[in-house]
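If you read the protein sequences in the order shown, they are chains A and B.
Heads up: the first sequence begins at 5 in the working numbering, then just goes up one per residue.
Heads up: the second sequence begins at 3 in the working numbering, then just goes up one per residue.
By construction, the Cβ of each residue, glycine as well, lies at the ideal position given by its N, Cα and C atoms.
Owing to the predicted nature of the structure, the values given are computational and were not obtained by experimental measurement.
Take a look at the structure set out below.
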Amino acid sequence: MKTTLNTQLPVHRVAIFAEMAWMERRPELGLLCRTAQEVGERITPELVRRVLPGLSEPGARNVAAWCRTLGLCDEEGQLAGLGVDAAARDEAPVPEQGVYDFWLAEHPVIGARSLAVERLSAGSDRGVEAPRSLPVTPELGRVFTSVANRDARYVVRSLPTKSGEVGGVLRQTQATCELNWTLDFTEGVDRWELRGQIEVPDERGGDKVRPMQHEPESVGLDLWKLAERWGRGPLEAHGKWSVEERCLAVPFAGLAEDEVDHLECDVALDEVEVGAFGSFRDVLLRGVPIGPVSKPEAQAWALARLDHTLSRDGGYLTRSEVRARFIDRTTGTRLERWCPVLPDHEALIERVGDDPERFWGLAAPVDLAPSEVARGDLTALVLGGEAAQPEQVPDGQLRLSRASAWSMGELVERLLHGGAPLRVLLCDRYVRGDHLEALELFVAALRQVAPDASLDIWTDKSGCNFRFIEGLTGRVPRTYAEAFGKAALHDRYLLVLPTRGEPYGWHMTNSPLDARRDGRTVEVNSPLRWRDLAALRVPAEQLEPALRGWFDGGTP
Amino acid sequence: MKRGPIEPMPLAFAEPREAVRLPAVWICGDAPAALSVRGAWLKARGAEPRSVTDDPMLTFLGPDEVESAVLSWATAGKRVYGIVGPGWGAHASHKHLAEAPRVLLRRVAEVPATAAVVRSSARIRLCDGADLRLDADQAAALRHSFLRLFWHDATEEAWSVQRRFVWRPAAGRPYDVPMVPVSALVRWEAPDARLEGAPVGALMHLTAGPPPEAAPDRLWFPPGPTHHETLAALAGAGAEVVWDDLGLPDLRVGGDAGEALFTGVLGRLRLRLNAGQASALGELLRRPTSWRFGTGVRLGDPELQGSRFWLPGAPAARPLEDVQTIEVGDVQAPALRDLDSTRPASLPAANPLALAALYTWTAVPPRLPRGSEEAPLVRTWRELDAGWKARLGELCATLAHADTERSRIGRAFERLLGAMLGFERTRAKLLERVEALEATPPSASGPDGAPMRYRELDALATAVAKLCGDLDAAERKEIEDREREAQEVSWRRDVERAASELPALRKALRAREAEEQQLETELRAIKAANKPKDAPANKDHKVKLQRAADDLKRARRDVIRLSSELDALQSKADEVFVFEPPQPTLPRTSQKGGSFIPSASSASAAPTVPEEALPVVGALRVHNSDRYLVIDDWEQLAQAEVEAARLAAHLVGPEAS
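Rendered as C-alpha cells:
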C-alpha cells in the first residue's frame, strides 16, 4: 500500500541581516568530533591535545573554546548536533555576518525552512533599517542544505535586531515549491521531497530560474497506525479495515481480475489527515491490501484466482497440477483463513464446461491418465483443514501428498526397495533453486543406503548450477538437450540399476526434490513437506529409449 | 512353278493344348456366401457398446463412416476422445460427430485400426462386416496404446466449435505415457512386423508380404502374380491355400491362441487373441472361398471351365481362351526357292490358358540389302559400251563431214565430179559397217567376242580415215593445177609488156645523157670566167653559177633513174617462167575437234575387256563386298540361279520398299 501526498507551499524571498555560518571543510575538527564520539561525546582540552599532540595546554583550551563558539559542543563540551554532523562530514560552520537574500517556506512537514540563501553586496541593504516583519522566520541553529546548490550547507546562527523584532525587506520571487510526501505502508517508510524552481544569480548580476535540488527526507511516521486511523475514517466507505490482517475487507463482486489476482486495489480518497502534519486532498491510495468479507466470498475469490491461473497457463493440467495451483494461489494469502475448497474433479470441469479449451484441459488428463488417478485426488480439496492421509497404494506405486511427512531418507529407501544399487539416475527437468537443498538431502540419503552407488543427474541446462551438482554427486550432469534432443520428457524418472535383479525405473508425476523443510535445520531423517507426487515402478522396456540406454552405460 | 513378282508369303500352323498342365496357378471359382457374424466375440459392425456408464470413450476413428456406437455415445453428451489420421473429416458422419458437445480429437500420422474402448470394454474392427470384442486385458492394453498415441504422437487437436471441428497444433502432454511392453496384448509395432507364431497346424490369413516358410493347415493369401513357387511348395506340404478379400487383418489362429496384425504404412497393431476369439476366427477362416491355389492343373479339365486363373507374373486373373492366334511376324527365307517352306526358328509360347494356339507368320524372301551399289563388272561393261558407242559416233560424224566435203569439192571443181561419185560409194559402204557394229556392243559379245569387235572397229576407222585423205588429196591437186595455169598467163603478159616499153626508155636515156654533158660544159665556162668586181655583176655571176650547178645535178639524177628503170625492164623482158606453188590453206575449223580425219591414236587404243560376262537375267549389285543378283519375277528364278552361281552372287528379290 502506498500513496503520495502533495501540497503547494508559498515561497517568500526576504533580505535579512543575519549571523550565518557556512559549512566548510575542516578535517581536523571532523577528526576531533569523531574522536569525541569514541571517548564519551565530549570535547575537552585533553581530548584536543590527544588528537593534536604537541599542542600546548593553552592552545588546547583555545581550540575547545572555539568548538563551543562554533556550536560543535555545548558549554560543558558535550557534542552537539553540529559536532555530530562535523564528525560525519568533516565540515564545520564558519560564522559570518551580513545581509542575505533568504528564500523561505513553511509547513508542518518541513518546518520553517530556509530553502536557499545568497549574500547580498554592500549597498543592497537599503530598507533593512526599516524592516517589515518576516512572513517566515527560519529555524536557528539547524543545518540547511540549499535547494539551489546542493553543495551549499549553512546555519542561521542568529537574526540580530535593534528593535527586538526581526524584520527584513520582502522581495519579488519567481520561485515555486511543491511538497511531495510518499507514504509506503508496505515498506514502513515515508519520504518527502521539495520540487519546484528557484532563482540563482547569473553572471550579469541578475537572477535566473533553475529546478530545485532536494534530497528526500523523512519524518518517521508510524504508517500502520495512520492506516488504522484512515480505516476508521475515509477508508470506511470502501470496506472494513482489518487491523490484524492490515487489509481492507471488500465485497468480491465488482473487483477487477487484476484486483482478484493480486489481492490489492487502488482507493481514491477526497481528503486524509496525517496527525500534526495536516490534511491533504485528492489522495490515491495504491495497492491497498484487500480480502474477502465472508467465507462464500472467499470461496468465490479463490476459485476465480484458480480460473485466472488456468486460463493463463492453458494446455492440459493433471489433477495434481490443478491441486498444486489451487494451493499455490491460496495458501499464504488472505483467502486461506476462510478455508476455501477446490471442488471435486467433475464439479470443476462442469464449472468450465462452456469453455472447451479449459474443459478438455482439465478433463482429458484425468480421463486419459496412464494409471488411474487416485480417488482422493479427485475429491474436493479443503485448504486450511486437515490434509487427507494418503490412500493405500498397491505394490509398485508410491504416493506422496501434502499430508505426507516422509523424510528424504524414507523416500529414498522406498524408491530403492531396500536394496543397494550400483547406479542411480535422476531425470528431472528442474534441478535448481530450492531443489538443490533437497538434492543434498537426496544424495545424503542415497549415500546412507549405498555409499558406493553413483548418481547421475539429467536436467535442463537453463538456470542450473552444474558445478554445484557435480560437487554433490561427483559426476557431470547431462543436459536434457543431450539426452533427449527435442523430444524431452514431461515427467520425472528415477532409474535404478541394482546389484542383483532386473533394472527398473520410477515414473513420477513430480520431482522427488520438490520438498521443503519444516524446521530450521534439516537432516536425512527430518520430516519434509511434500507436494503431490505419484510414482509408478516400471520395467526397463517401458522406459523411453534414451532412458533405457542409460542401463547399458551409454551415458557419462 | 511360281509366277509373278517376288513378294512375302503368309503361312500358318495350329497346335492343340488341352493336355497342357499348369504347374502352379490361382483359380477363382464361384463366389462364396456372404459373411455371417455370430458368437460371443465376433459382432456385427456398429453394435451398441454394452457399457451404460458415463465413462469416456476412447476411439480410433478410421477414414470412413464413424461407428453408430461412437456417434450415439457422443450425442448423448458423454466424453469421446478420438484419434484420427490425416484427411479425416471428409465423410458426412464426421460432421455429425462435430455436432456432439464433448468430443476431443487428436490427429496422428496414421490410424491403422478402427476401435473403441470404454473402461474395460472394447471392440476393434476386423473387417467391413465384423467387429471383434476384446476382453478386459486386451481393452486395457488397447487403452495403453491409445494413450501413447494420443499424448505422444498427435500433431493437431480439435474440438467442436459451432458444430465444426477447429484444428490447432496439439498442446503439450500433461504427462508421459510409458512405452507399451513387447508382451502387451495390444501393441503398435513397426510397419514390417510379421505374425509371430508357428504356422504349422494353424490357420493363417495374410494380406501382404511373403508367404510363411512353413505350411499351415490353411493359408489365406491374396492371389497375385508372385510367390507361386513358394505357395506351390506349401501346397505340396499339405497347406490349403485360399483367398477371399474379407478385409481382415493378418491372422494366425492355432489351438486356443492366435494373433491379429492390422495393416498400416507407418506401423501395425498387433492383437494377441484369447481362446474364444481364436475359436471364432478359426471358424471364420475355415469358410469356403472363391479362390484356391492349385498345382498340376490340366487345362482341358471340364470342372475348370468358366473359372479364372492367375498365373505367375500375370497382371490379373484371366479365363481360358479357346484358340489363341499368335502372330509370329516375318520369317526370313534362307533362299528364294525355299520361301514356301520357311518356318520360324522357334515358336513363341502360347498363352498358358489357351486351349489351342494358331501361329501365323509371313515368309520373307531374301532381299537385296539396303545401301547396295552397282557391281563393278556392270560398270566396266557399261563403260566399254559407252566408249564403243562414242567411237562409232565419231566415225559417223566423220563420214557425214566427208560427205559434206565431197559435195563442196564436187561443186567447186567440176573436173572432179567423176571422182566424187566414187567417194560417195565408198562412204555408203563404210556407213553400213558402222551400223553393223552399233548393233553388237562389247557387252553383247562377251569376254570372248569383244576383242574381235574392236579389231573390226579399228579397221573401219582406218577406212574412214583413208576416205577422208583421198578427198583431201584430190582437192589439193586440183587447186595446184589451177594455180599453175594462172601464173603462166601472168608471166607471159609481163614479158611482153616489158619488151614493148624498152625502146622508148633507151631513147629518153640518151637524150638526158647529152643534156648532162652540155650542162657540165656550161658550168665549167661560168667557173672559168673572171669574177666581176662590181657588186651587182658579182651577184649575177653567182646566180648563174648556182643555176648551172642545180641544172647539172638534176640531169645527173634523171640519168641514174632512167638507167635503173631500163635495167629492170630489160630483166623483166628476159625473165623465165617459174611455177610457185600456192601457200597451204588454213586448217578447216568447221569440223569439231580439228581435222575431220580421225586420229590414229583413238583407233589404235585397245580397251581391257572384263573376264566375266554380264548376267543374262537380273541386276548384279554389291553390298559389303558381296555380290547380289536381283530378280523381280519368279520366272527368272531358274536362269538366275545359274547366273548367280557363275558370278558367285547371292540370289535375292528386289530391295524392300
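Let me know if residue i comes out buried or exposed under the rule of 16 or more other beta-carbons within 10 Å of its beta-carbon.
i                : result
proline 220(A)   : exposed
alanine 200(B)   : exposed
glutamate 407(B) : buried
leucine 288(A)   : exposed
proline 367(B)   : buried
aspartate 450(B) : exposed
alanine 602(B)   : Unreliable positioning characterises alanine 602(B) in this predicted model, as indicated by a pLDDT of 44, which lies under 50. The coordinate reading is nonetheless provided below. So alanine 602(B) ends up on the exposed side.
methionine 24(A) : buried
With a cut-off of 8 Å, does the C-beta of residue i fall near any C-beta of chain A?
i                    : result
alanine 173(B)       : yes
tryptophan 161(B)    : yes
phenylalanine 152(B) : yes
leucine 144(B)       : no
leucine 149(B)       : yes
proline 58(B)        : yes
What residue does the alpha helix (DSSP H) around residue i start on, and which one ends it?
i                 : result
tyrosine 177(B)   : Here tyrosine 177(B) belongs to no alpha helix (DSSP H), and DSSP marks it neither H nor E.
tryptophan 314(A) : This sequence places leucine at residue 314(A); tryptophan is not what is there. First-last of the alpha helix (DSSP H) with leucine 314(A): 299-317.
cysteine 71(A)    : 61-74
histidine 154(B)  : 138-154
glutamine 585(B)  : Counting along the chain, glutamine 585(B) falls outside any alpha helix (DSSP H), and DSSP gives it neither H nor E.
glycine 295(A)    : Where glycine 295(A) is concerned, there is no enclosing alpha helix (DSSP H), although the beta strand (DSSP E) it sits in stretches over 283-295.
leucine 287(B)    : 277-287
Is residue i helix, strand or coil when you go by DSSP?
i                    : result
isoleucine 328(B)    : strand
phenylalanine 189(A) : coil
leucine 653(B)       : strand
aspartate 542(B)     : helix
serine 592(B)        : With a pLDDT of 46 at serine 592(B), under the threshold of 50, the predicted position of this residue should be treated as unreliable, though the coordinate-derived value follows. Coil.
glutamate 323(B)     : strand
isoleucine 85(B)     : strand
valine 52(A)         : helix
cysteine 37(A)       : helix
aspartate 32(B)      : coil
methionine 216(A)    : coil
proline 314(B)       : coil
leucine 426(A)       : strand
glutamate 277(A)     : strand
alanine 25(A)        : strand
Is there at least one Cβ from chain B nearer than 8 Å to residue i's Cβ?
i                 : result
leucine 310(A)    : no
glycine 400(A)    : no
glycine 505(A)    : no
tryptophan 554(A) : no
leucine 183(A)    : no
tyrosine 434(A)   : no
aspartate 371(A)  : yes
The beta strand (DSSP E) spanning residue i covers which residue range?
i                 : result
methionine 512(A) : 508-512
tyrosine 361(B)   : 356-366
glycine 249(B)    : Where glycine 249(B) is concerned, there is no enclosing beta strand (DSSP E), given that its DSSP letter is neither H nor E.
tryptophan 534(A) : 532-534
glutamate 100(A)  : 95-111
histidine 421(A)  : First-last for histidine 421(A): undefined, no H or E at that position.
Comparing the C-beta of residue i with each C-beta of chain D, is any distance below 8 Å?
i                : result
aspartate 495(A) : Within the model displayed, chain D is absent; protein chains A and B are what it includes.
Using a Cβ-Cβ cut-off of less than 9 Å, list which residues of the region 68-90 of chain B approach chain A; keep chain order. Arg81, Tyr83
Residues within the region 174-205 of chain B neighbouring chain A, beta-carbon criterion of under 7 Å: Gly174, Arg175, Pro176, Tyr177, Asp178, Val179, Pro180, Met181, Pro183, Val184
Could you please tell me which residues of the region 92-110 of chain B, in chain order, have their CB closer than 7 Å to any CB of chain A? Leu106
What residues in the region 227-239 of chain B bring their beta carbon closer than 9 Å to a beta carbon of chain A? none
By the 8 Å beta-carbon criterion, what residues does the region 240-271 of chain B contribute toward chain A? none
According to a CB-to-CB cut-off of less than 7 Å, which residues of the region 347-365 of chain A neighbour chain B? Pro360, Trp364
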